[in-house]
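**Q** In this note's numbering, the protein residues as written are 331 to 619.
Glycine is no exception: its CB is placed at the ideal position from the N, C-alpha and C atoms.
As the structure is a prediction and not an experimental result, all values here were calculated from the model.
#1: Suppose the cutoff is 7 Å on Cβ atoms and the five residues either side in sequence are ignored; what does the same chain contact list for residue 475 look like?
#2: On the premise that residue 573 lies in contact with residue 537, defined as a C-beta separation below 8 Å, what is that separation, rounded to the nearest angstrom?
#3: Where does residue 434 fall in DSSP's three states?
#4: Going by beta carbon distance, what residues of the same chain come within less than 7 Å of residue 554, once the five residues before and after it are set aside?
#5: Tell me whether residue 559 is buried or exposed, calling it buried when 16 or more other Cβ atoms sit within 10 Å of its Cβ.
#6: With three or more C-beta pairs closer than 8 Å as the rule, is the segment 338-354 touching the segment 384-397?
#7: Check residue 393 in the structure and name its three-state DSSP category.
#8: I think residue 359 touches residue 369, with their Cβ atoms under 8 Å apart; what is that distance to the nearest whole Å?
#9: According to DSSP, which residues form a beta bridge with residue 519?
#10: Could you pull the DSSP bridge partners for residue 467 from this structure?
#11: CB residue 542 to CB residue 522, shorter than 7 Å?
#12: Go ahead and label residue 398 buried or exposed: buried means 16 or more other beta carbons lie within 10 angstroms of its beta carbon, across all protein chains shown.
#13: So for residue 357, helix, strand or coil by DSSP?
#14: Which of the three DSSP states is assigned to residue 512 in this structure?
#15: Do you know offhand how far residue 565's Cα is from residue 540's?
#16: Classify residue 389 as buried or exposed, calling it buried when 16 or more other Cβ atoms lie within 10 Å of its own Cβ.
#17: Just the C-alpha distance for residue 479 and residue 357, rounded to the nearest angstrom, thanks.
#18: Could you pull out every residue in the same chain whose Cβ sits closer than 6 Å to the Cβ of residue 410, ignoring the five residues on either side in sequence?
#19: Work out the CA separation of residue 571 and residue 338 for me, nearest whole Å.
#20: Would you mind sorting residue 486 into buried or exposed? The rule is 16 or more other CB atoms within 10 Å of its CB.
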């Protein structure tokens, strides 16, 4: 197909497929049964246009499917990738492109660089850092790359809603869901009457008790829990409910504080009753306190 009729960028498409499959050029070439130099040449848009069979082998080896659609006048021309289309790609200090499957990213803060998290020296002013922080970084470990991609997809695709099916009117349930993958987070709360709790008439004032906020392991710190709390607050405002109570411990306290909750030192302490195995028959009534 001609370039002015929406031609496919074969090199860029192949690089994207290879990145999603987490394959290096050498690994893709071995699986497709073609020379590594052929993969590099196609992705760089250099040399002669690749044969259709070669492109088909590479696409299938990367887990993709190749389809041909005839629209208007049929044409079987392949279009090489314009060189200017890759000018903004990240490169190393020698001007070389990074392997596409490594998902190179810019270091905007120290948290972005895996090499700095354990170095105490990086808490010092930048002029005292023992090693220069690189401008770009990437993960060599495949599992870390997959985890980062999952988190990025979840952040972009997650949707929030209030679930009411099969629940009583006093139950509040909110879900964070990824289309095609199901729930990745959940918030549950229940409603109670303020005047019944205190034994006084406060005009049927209502309040909520937060039962819990759950986020799937590996997807925490993405802001899912905070957005669930935000959705709860908006629904409370619509219903005319002003207060939600919660019990938390350890790091969950910091999470709720960051979401706008406040500590109430005047409230009763949290107590726990633990019951062990029964070792003897209970005594007669009135024998104990």
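**A** Looking at the atomic coordinates:
#1: In the chain shown, counting from the first residue as 1, residue 475 sits at position 145. If we look at residue 475 and ignore the five residues flanking it on each side, its Cβ neighbours are 352, 433 and 469.
#2: As a position in the chain shown, residue 537 is number 207, starting the count at 1. As a position in the chain shown, residue 573 is number 243, starting the count at 1. That pair is a contact at about 4 Å.
#3: Numbered from 1 along the chain shown, position 104 holds the residue referred to as residue 434. Correct three-state label for residue 434: coil.
#4: Mapped onto the chain shown, residue 554 falls at position 224. Non-local beta-carbon contacts of residue 554 in its own chain, meaning distances under 7 Å to residues more than five positions away in sequence, involve 488, 506, 514, 515 and 545 in chain order.
#5: Along the chain shown, one-based indexing puts residue 559 at 229. Buried.
#6: yes
#7: Counting from one through the chain shown, the residue named residue 393 turns up at place 63. In this structure, residue 393 counts as coil in the three-state DSSP scheme.
#8: Within the chain shown, residue 359 is the residue found at index 29, counting from 1. Within the chain shown, residue 369 is the residue found at index 39, counting from 1. Confirmed, Cβ separation roughly 5 Å.
#9: Counting from one through the chain shown, the residue named residue 519 turns up at place 189. BP columns for residue 519 point to 502 and 540.
#10: Reading the chain shown from its first residue, position 137 is the one you call residue 467. 435.
#11: Locating residue 542 in the chain shown gives position 212, where the first residue counts as 1. Locating residue 522 in the chain shown gives position 192, where the first residue counts as 1. Going by C-beta atoms, residue 542 is not nearer than 7 Å to residue 522.
#12: Your numbering for residue 398 matches position 68 in the chain shown. With fewer than 16 Cβ atoms within 10 Å of its Cβ, residue 398 is classed as exposed.
#13: In the chain shown, the residue the question calls residue 357 occupies position 27. Looking at residue 357 - three-state DSSP - the assignment turns out to be helix.
#14: One-based indexing of the chain shown puts residue 512 at position 182. Residue 512: strand per DSSP, three-state reduction.
#15: By 1-based counting over the chain shown, the position of residue 565 is 235. By 1-based counting over the chain shown, the position of residue 540 is 210. Looking at the two C-alpha atoms, the distance is approximately 14 Å.
#16: Locating residue 389 in the chain shown gives position 59, counting from the first residue. Classification of residue 389: buried, given that the 10 Å Cβ count is 16 or more.
#17: Here residue 479 refers to the residue found at position 149 when the chain shown is read from its first residue. Here residue 357 refers to the residue found at position 27 when the chain shown is read from its first residue. Using only the alpha carbons, I get a separation of about 20 Å.
#18: Against the chain shown, residue 410 aligns to sequence position 80. With a pLDDT of 35 at residue 410, under the threshold of 50, the modelled position of this residue cannot be trusted; read the value that follows with caution. These residues qualify, in order along the chain: 375 and 379.
#19: One-based indexing of the chain shown puts residue 338 at position 8. One-based indexing of the chain shown puts residue 571 at position 241. So the two alpha carbons sit approximately 55 Å from each other.
#20: Along the chain shown, one-based indexing puts residue 486 at 156. Exposed: under 16 other Cβ atoms inside 10 Å.
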